[in-house]
Amino acid sequence: MTKQINAPPAVDYAPLELQGELIAMQELTIEELLIIGQSQIPESQQELHLQLLEKNQNNQLSESDRLLLRSLRVSADYLMLKKAYSYTLLKWKGYSLPDFEQLVK
Numbered sequence: 000m001t002k003q004i005n006a007p008p009a010v011d012y013a014p015l016e017l018q019g020e021l022i023a024m025q026e027l028t029i030e031e032l033l034i035i036g037q038s039q040i041p042e043s044q045q046e047l048h049l050q051l052l053e054k055n056q057n058n059q060l061s062e063s064d065r066l067l068l069r070s071l072r073v074s075a076d077y078l079m080l081k082k083a084y085s086y087t088l089l090k091w092k093g094y095s096l097p098d099f100e101q102l103v104k
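Here you go:
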């Protein structure tokens, strides 16, 4: 592992409401960043999201369903941003990331 010598990755591209959390992630340990990078949306939430997407495709969403679907999408998007940023920070901190081929085995 090499020592970091440059500035941490920028968070300017992220939504404003997420930037503070991403900046705070810069202080996390390798282990904590790996946990974030490997985190997943709970299966029950994934299933609900799929059900709502199907209802949306069939034009059967109520207004409350529409709001819930939007909330689930934003949560999933934010998790993906945090996961991506955690791996960017790991690389910045000198952690050796596995190749894609190693990840899909």
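Heads up: the sequence shown is residues 0 to 104, going by numbering that gives the first Met the number 0. Note that CB positions come from ideal geometry on N, CA and C, so glycine has one too.
Problem - Nearest residue (CA-CA) to residue 36, options 78, 25, 101, 100 - result: That would be 78, whose Cα lies nearest to the Cα of residue 36.
Exercise for the section: Throw me the rounded Cβ distance for the residue 86 and residue 29 pair, which I believe falls under 8 Å. Expected result: The pair is not a contact, with the Cβ atoms about 11 Å apart (cut-off 8 Å).
Problem - Between the CA atoms of residue 53 and residue 46 - distance to the nearest angstrom - result: About 11 Å.
Practice task
Take residue 17 and list the residues in its own chain whose beta-carbon comes closer than 7 Å to its own, dropping the five residues that flank it on each side.
Solution key: Annotation for residue 17: 77, 80 place their beta carbon closer than 7 Å to its own, counting only its chain and skipping 5 residues before and after.
Exercise for the section: Count the other C-beta atoms from every protein chain shown that fall within 10 angstroms of the C-beta of residue 96, then say buried if there are 16 or more, exposed otherwise. Expected result: By the neighbour-count rule (16 or more Cβ atoms within 10 Å), residue 96 is not buried but exposed.
Practice task
Please report the residue range of the alpha helix (DSSP H) in which residue 56 lies.
Solution key: 42-56 is the span of the alpha helix (DSSP H), which, as asked, contains residue 56.
Practice task
Verify whether the separation of the beta carbon atoms of residue 8 and residue 88 is less than 8 Å.
Solution key: Yes, these two residues count as a Cβ contact at 8 Å.
Problem - Local conformation of residue 26 per DSSP, three classes - result: Taken through DSSP and simplified to helix, strand or coil, residue 26 comes out as coil.
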